[in-house]
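Number of protein chains: 2
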Amino acid sequence: MPASKKARTHPPYELLYWPGIPGRGEFIRLVFEASGVSYKDVSNESKDGISAVLACKADDLTIDADGNPPAFAPPALRIPGEGKNGKTLVLYQTPSILAYLGDKLGLAGEDEAEKHWIMSHALTALDLNNEAHDTHHPVAVGKYYEDQKEEALKKATDVRTERIPKFFRFFERVLKGNEDGQGQYLVGGKLSYADTTLWHVLNGLKFAFPKELEAREKEFPLLFGTFYLRVQEHKGLKEYLASGRRQPYSMGIFRHYPELDRQ
Amino acid sequence: MPASKKARTHPPYELLYWPGIPGRGEFIRLVFEASGVSYKDVSNESKDGISAVLACKADDLTIDADGNPPAFAPPALRIPGEGKNGKTLVLYQTPSILAYLGDKLGLAGEDEAEKHWIMSHALTALDLNNEAHDTHHPVAVGKYYEDQKEEALKKATDVRTERIPKFFRFFERVLKGNEDGQGQYLVGGKLSYADTTLWHVLNGLKFAFPKELEAREKEFPLLFGTFYLRVQEHKGLKEYLASGRRQPYSMGIFRHYPELDRQ
């Protein structure tokens, strides 16, 4: 059985992220699911998993018992055996974790040029993810949406009418320019973490702004007619997306407030 | 002369960024200056340099003559000879360029763990950089500050009172936990691109919010009493910071609007 053999060659990866939402943890989950490599989604799979998430970012942590720095915020990835002197390595920041796993799981391209283009495109998709978050929290990250509704309407209008089309036009051009990808891959001729990352951002935007996205999709035939549809059919991803393991959108980065969508 | 010999072993790096401001290009300039490796700051050093910046992000570019994808936005880095089949490689996105140059210029740590911690900390400093930008552009990236002053005051208040202290507490803890760094390096016992990146963000915040920073500095003795002072004395950086090559702050990411500072 190649699948289980493959799993045995990898360390027991542990994702540390908030339970119950896709959030930024989803970008990490997707690379595991797309590559068929097992991982433990600690806070969703363990009764007291949240304590491990809180521990890696604790306000008094300067260095952990294995020599790792604190995480500024989840997601973090624990990798037993891969740290200094065979200890547990802890990484944080979504793009840093994706770069690490991209190399290990074969989702980071065929050479150095592809590796950095993949990182660049993933970072760009994550910038759009951040802008989507800011549509409901434009002026105070720690306060409620209800405390900044007026500003949120302005921000969401700008993101929907200016920023989303700008990002979509960019990715449509990247797909067009990458002939080897035939519209389904951003870089080269195979799936990378740039693809899974962009896919999730598009999926989240469709949830948050369904009217806006429906009105715009036809302007971007490669992005929505080929890329989006093919990525979600990829082996591993298709099964995951249909499974109960996938967390529903709720009060995380992508939120559906009808008043912020196209009217 | 070791310096010129070192320079000859590197390709002729070309930074593509807007002229006349530090901006996100500054993070790239600092790693070259800290390592003593020469580079061409195209738009500041060539009469028509801006056209190269505009070309790499042109609205109709799908792939360039050397097989590179378009850049979403500057900064971009052109590296003649390092692309596929000896062609010119073009990278974009600040963290991706820093990761590439970090490896090439010896500013990315001693092993894989350090390499990823450096990337993670640099990304965190760049997140703070983005939040500093959003203090004057909270609801519409493409409009003037004067069109969003009311929202900017709310955002700046939140960033000054909640976000800046949270980031500073984090980096103070990282410095404290990294004994090998003796307060002057975030990771290990030598300078990395995480250090130069955080230094520039601190420097920019001191320009943008001088009263806020002055009031807070003493709460973070390692960050401001050791790290900030030592990094700017580092060979290469000290000479650069005193030189006319360094662009002054003006209407970029870090702007000094007295009404947004602590009153």
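Protein chains in written order, with UniProt numbering: chain A, 1 to 263; chain B, 1 to 263. Idealized CB from N, CA, C, for every residue including glycine.
Segment limits, alpha helix (DSSP H) that includes residue i
i, result
"VAL231 of chain B", "228 to 231"
"LEU107 of chain A", "That residue, LEU107 of chain A, is in no alpha helix (DSSP H); it is neither H nor E in DSSP."
"ARG29 of chain B", "25 to 35"
"LEU77 of chain B", "Counting along the chain, LEU77 of chain B falls outside any alpha helix (DSSP H), though it belongs to the beta strand (DSSP E) covering 76 to 79."
"LEU54 of chain B", "49 to 56"
"GLU45 of chain B", "42 to 45"
Under 7 Å from the C-beta of residue i: neighbouring residues of chain B
i, result
"THR124 of chain A", "PHE72 and GLN93"
"THR9 of chain A", "Per Cβ cutoff of 7 Å: no residues; THR9 of chain A is ~17 Å from chain B at best."
"PRO165 of chain A", "None at all; the shortest Cβ gap to chain B is about 12 Å."
"TYR100 of chain A", "HIS116"
Continuous beta strand (DSSP E) stretch holding residue i: start and end
i, result
"TYR92 of chain A", "89 to 92"
"LEU260 of chain B", "From DSSP, LEU260 of chain B is part of no beta strand (DSSP E); its letter is neither H nor E."
"GLU14 of chain A", "13 to 16"
Amino acids of chain B, ordered along the chain, whose beta-carbon sits closer than 9 Å to that of residue i
i, result
"residue 290 of chain A", "Nothing about residue 290 of chain A can be read from this structure; chain A reaches only from 1 to 263."
"ILE63 of chain A", "ARG173, VAL174, LYS176, GLY177, ASN178 and GLU179"
Min CB distance residue i to chain C below 8 Å
i, result
"HIS136 of chain A", "Included in the structure are the protein chains A and B, with no chain C among them."
Coil, strand or helix - residue i by DSSP
i, result
"PRO2 of chain A", "Since pLDDT at PRO2 of chain A reaches only 45, below the 50 mark, its modelled position is unreliable, and the value read off the structure follows with that caveat. Note: PRO2 of chain A maps to helix in three-state DSSP."
"TYR39 of chain A", "strand"
"LEU61 of chain B", "coil"
"ALA71 of chain B", "coil"
"PRO95 of chain A", "helix"
"GLY86 of chain A", "helix"
"GLY102 of chain B", "helix"
"PRO19 of chain B", "coil"
Residues that residue i contacts on chain A, provided the C-beta gap is smaller than 8 Å
i, result
"TYR249 of chain B", "Chain A residues near TYR249 of chain B: none, gap ~23 Å exceeds 8 Å."
"GLY83 of chain B", "ALA113"
"TYR257 of chain B", "None at all; the shortest Cβ gap to chain A is about 16 Å."
"PHE170 of chain B", "PRO70 and PHE72"
Under 7 Å from the C-beta of residue i: neighbouring residues of chain A
i, result
"GLU212 of chain B", "Near GLU212 of chain B there are no residues of chain A at all, since even the closest Cβ is about 17 Å away, more than 7 Å."
"TRP117 of chain B", "PRO69"
"SER96 of chain B", "HIS116, MET119, SER120 and LEU123"
"LEU89 of chain B", "ALA113"
Partner residues on chain A for residue i, Cβ-Cβ distance less than 9 Å
i, result
"ALA155 of chain B", "For the sequence presented, residue 155 of chain B should be read as Lys rather than Ala. The answer, in chain order, is PRO138, VAL139, ALA140 and GLU151."
"ASP158 of chain B", "VAL139, ALA140, VAL141, GLY142 and LYS143"
Within chain B, partners of residue i - CB distance below 8 Å
i, result
"GLU162 of chain A", "ALA140, VAL141 and GLY142"
Problem set entry | the stretch 102 to 112 of chain A in contact with the stretch 124 to 141 of chain A per 3-pair CB rule at 8 Å | Taking 8 Å as the limit for Cβ pairs, the verdict is that the stretch 124 to 141 of chain A does not touch the stretch 102 to 112 of chain A.
Problem set entry | the stretch 52 to 69 of chain B contacting the stretch 12 to 25 of chain B, beta-carbon criterion three pairs below 8 Å | Verdict: yes, contact present.
Exercise. With contact counted as at least three CB pairs below 8 Å, one residue from each stretch, are the stretch 186 to 204 of chain B and the stretch 145 to 154 of chain B in contact?
Worked result: No: fewer than three Cβ pairs fall under 8 Å.
For this session: Indicate whether the contact test is met: 3 or more Cβ pairs, each with one atom in the stretch 200 to 208 of chain B and one in the stretch 98 to 105 of chain A, closer than 8 Å.
Result: No contact exists between the stretch 200 to 208 of chain B and the stretch 98 to 105 of chain A.
Exercise. Looking at C-beta atoms only, is the number of pairs between the stretch 135 to 144 of chain B and the stretch 150 to 169 of chain A that lie closer than 8 Å three or more?
Worked result: Enough Cβ pairs lie closer than 8 Å, so yes.
For this session: State whether the stretch 242 to 249 of chain A contacts the stretch 22 to 36 of chain B, with contact taken as three or more CB pairs (one from each stretch) at a distance under 8 Å.
Result: A contact is defined here as three or more CB-CB pairs under 8 Å, and the stretch 242 to 249 of chain A fails this definition with respect to the stretch 22 to 36 of chain B.
For this session: At 4 residues or longer, and completely inside the UniProt domain "GST C-terminal" (111 to 250) of chain A: list those alpha helix (DSSP H) runs for me, N to C.
Result: For the UniProt domain "GST C-terminal" (111 to 250) of chain A, whole alpha helix (DSSP H) runs of length 4 or above, ordered along the chain, are 112 to 134, 149 to 158, 164 to 177, 193 to 208, 210 to 216, 228 to 231 and 237 to 241.
For this session: Count the C-beta pairs between the stretch 111 to 122 of chain A and the stretch 82 to 93 of chain B that are closer than 8 Å, then say yes if the count reaches three, no if not.
Result: By the Cβ test, the stretch 111 to 122 of chain A is in contact with the stretch 82 to 93 of chain B, since at least three Cβ pairs between them sit closer than 8 Å.
Exercise. Does the stretch 195 to 203 of chain A touch the stretch 225 to 242 of chain A, meaning 3 or more C-beta pairs lie closer than 8 Å?
Worked result: Contact holds: three or more Cβ-Cβ distances are below 8 Å.
Exercise. Should the stretch 59 to 68 of chain A be called in touch with the stretch 167 to 177 of chain B, which here means at least 3 C-beta pairs below 8 Å?
Worked result: By the C-beta criterion, the stretch 59 to 68 of chain A is judged to be in contact with the stretch 167 to 177 of chain B, since at least 3 inter-stretch pairs fall below 8 Å.
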